[in-house]
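The block underneath contains the structure these notes are about, expressed in structure tokens.
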């Protein structure tokens, strides 16, 4: 499959070079799209320099910081317009290990759904399944992540253990069926929104264990506002979708936990 990794960036100058290099070393067949939201620290200029020396690296410059969801939507539209068969979401701060890309891609469906082939439409890099872990996270962050996933499972009736994680691989067909272009959520809520839409569309979802490593450079983008947005939206979706909880799960929708590791 022709696959591209989308790296949204805002003030990631200290990390972007290393992450791009590790992606190229771990999965040299993949292309990379850096979506920079006008980083004042020069991340965009460094990204341009990387692209100038590597035809597999592309850069999208956006006018200003407009949120994670908007950056991913722009990147996904660019990827589908470019004819890519699969798209990977990955943080640009090094917390998602590029060395685990082969595990995610191995679980992805290689042909369009309905053609009789196995594999998933959406693969989640999961911290909270057997074999998954986090490194250098304080108890507060663990509780927020685990609690957010548990609350989302309760409200939305989804089966995934890691609902808020941002290390994911989609087939192009899955993105079209989710209708990613109308997703308005931001931050961690964007990831929850995309996942609930995947279940609603009857897609096959697989979780692959990953090790999440807290960033060494720069500041986390998570704020209290992001957490509040997610809680409010998830609660609202849960209330609106309550009648569906009493109906049969759409045929073809499934969750599988994979134990593959790179």
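Numbering (our numbering), first residue to last: 10 to 271. Every residue gets a Cβ at the ideal spot worked out from N, C-alpha and C, and that includes glycine. Everything numeric in this text was worked out from a predicted model, so none of it was measured.
Considering only residues of the same chain and omitting the five flanking positions on each side of residue 169, which have a CB-CB separation below 7 Å? Position 160 of the chain shown, counted from the start, is the residue given in the question as residue 169. Same-chain partners within the cutoff: 133, 204, 214, 216 and 264.
What does the Cβ neighbour count give for residue 80, buried or exposed, with the cut at 16 atoms within 10 Å? Taking the first residue of the chain shown as position 1, residue 80 is located at position 71. Label assigned to residue 80: buried.
Does the beta-carbon of residue 102 have 16 or more other beta-carbons within 10 angstroms, so that it is buried, or is it exposed? Counted from its first residue, the chain shown places residue 102 at position 93. The residue is buried, with at least 16 neighbouring Cβ atoms inside 10 Å.
Determine whether the Cβ of residue 221 lies closer than 9 Å to any Cβ atom of chain C. Reference to chain C is not applicable here, since this structure consists of a single protein chain.
Residue range of the beta strand (DSSP E) that residue 40 falls in? By one-based count along the chain shown, residue 40 stands at place 31. That run of the beta strand (DSSP E) goes 40-45.
In whole angstroms, give me the CA-to-CA distance for residue 259 and residue 166. Translated into the one-based positions of the chain shown, residue 259 becomes position 250. Translated into the one-based positions of the chain shown, residue 166 becomes position 157. Residue placement at residue 259 is flagged as unreliable, the pLDDT there being 47, under the threshold of 50; the coordinate-derived value follows with that caveat. Whole-angstrom Cα-Cα distance: 12 Å.
By Cβ distance, which residues of its chain are closer than 8 Å to residue 127, with the 5 residues on each side in sequence left out? Stepping through the chain shown from its first residue, residue 127 is reached at position 118. Here the set comprises 118.
Compare the beta carbon distance of residue 31 and residue 98 with 9 Å and say whether it is the shorter of the two. The sequence position of residue 31 within the chain shown is 22, counting from 1. The sequence position of residue 98 within the chain shown is 89, counting from 1. Going by C-beta atoms, residue 31 is not nearer than 9 Å to residue 98.
For residue 27 and residue 248, I'd like the C-alpha separation in whole angstroms. As a working mapping, residue 27 is identified with position 18 in the chain shown. As a working mapping, residue 248 is identified with position 239 in the chain shown. About 43 Å.
With distances taken between CB atoms, is the gap from residue 64 to residue 33 smaller than 9 Å? Residue mapping note: residue 64 aligns to position 55 of the chain shown, counting from 1. Residue mapping note: residue 33 aligns to position 24 of the chain shown, counting from 1. Contact flag unset, no.
What runs of the beta strand (DSSP E), each 3 residues or longer, lie entirely inside the stretch 131-167? 131-135 and 142-144
Do the CB positions of residue 224 and residue 142 come within less than 9 Å of each other? Walking along the chain shown from the start, residue 224 turns up at place 215. Walking along the chain shown from the start, residue 142 turns up at place 133. Not closer than 9 Å, so no.
List the endpoints of the continuous alpha helix (DSSP H) containing residue 201. Translated into positions along the chain shown, residue 201 becomes position 192. Where residue 201 is concerned, the enclosing alpha helix (DSSP H) stretches over 196-209.
Buried or exposed: which applies to residue 21, given that a residue is buried once 16 or more other Cβ atoms fall within 10 Å of its Cβ? Taking the first residue of the chain shown as 1, we reach residue 21 at position 12. It is buried - the Cβ of residue 21 has at least 16 other Cβ atoms within 10 Å.
Using CA coordinates, which residue listed in 138, 129, 112 and 174 is at the minimum distance from residue 150? Residue 150 sits at position 141 when you count from the first residue of the chain shown. Of the candidates 138, 129, 112 and 174, the one whose C-alpha sits nearest the C-alpha of residue 150 is 174.
Of the residues 45, 23 and 10, which one's Cα is nearest the Cα of residue 16? Taking the chain shown and counting its residues from 1, one reaches residue 16 at position 7. That would be 45, whose Cα lies nearest to the Cα of residue 16.
What does the alpha-carbon distance come out to for the pair residue 47 and residue 210? As a position in the chain shown, residue 47 is number 38, starting the count at 1. As a position in the chain shown, residue 210 is number 201, starting the count at 1. Whole-angstrom Cα-Cα distance: 34 Å.
Where do the ends of the alpha helix (DSSP H) carrying residue 114 lie? Stepping through the chain shown from its first residue, residue 114 is reached at position 105. 110-115 is the span of the alpha helix (DSSP H), which, as asked, contains residue 114.
Just how far apart, CA to CA, sit residue 19 and residue 140? By 1-based counting over the chain shown, the position of residue 19 is 10. By 1-based counting over the chain shown, the position of residue 140 is 131. Taking the straight line joining both Cα atoms gives about 31 Å.
Residue 261: buried (16+ other C-beta within 10 angstroms of its C-beta) or exposed? Counted from its first residue, the chain shown places residue 261 at position 252. Caution applies to residue 261, whose pLDDT of 44 falls short of 50 and renders its modelled position unreliable; the value that the coordinates give is listed next. That one is exposed.
Over what stretch of residues does the alpha helix (DSSP H) that includes residue 16 continue unbroken? One-based indexing of the chain shown puts residue 16 at position 7. Premise fails: residue 16 lies in the beta strand (DSSP E), 12-18, not in any alpha helix (DSSP H).
With distances taken from CA atoms, which of 85, 94, 160 and 100 is nearest residue 196? In the chain shown, the residue the question calls residue 196 occupies position 187. The shortest Cα separation from residue 196 among 85, 94, 160 and 100 belongs to 100.
Would you call the CB atoms of residue 77 and residue 29 closer than 9 Å? Taking the chain shown and counting its residues from 1, one reaches residue 77 at position 68. Taking the chain shown and counting its residues from 1, one reaches residue 29 at position 20. In this structure, residue 29 does not lie closer than 9 Å to residue 77 by Cβ.
Bridge partners of residue 220, per DSSP? By 1-based counting over the chain shown, the position of residue 220 is 211. Its beta-bridge partners are 142.
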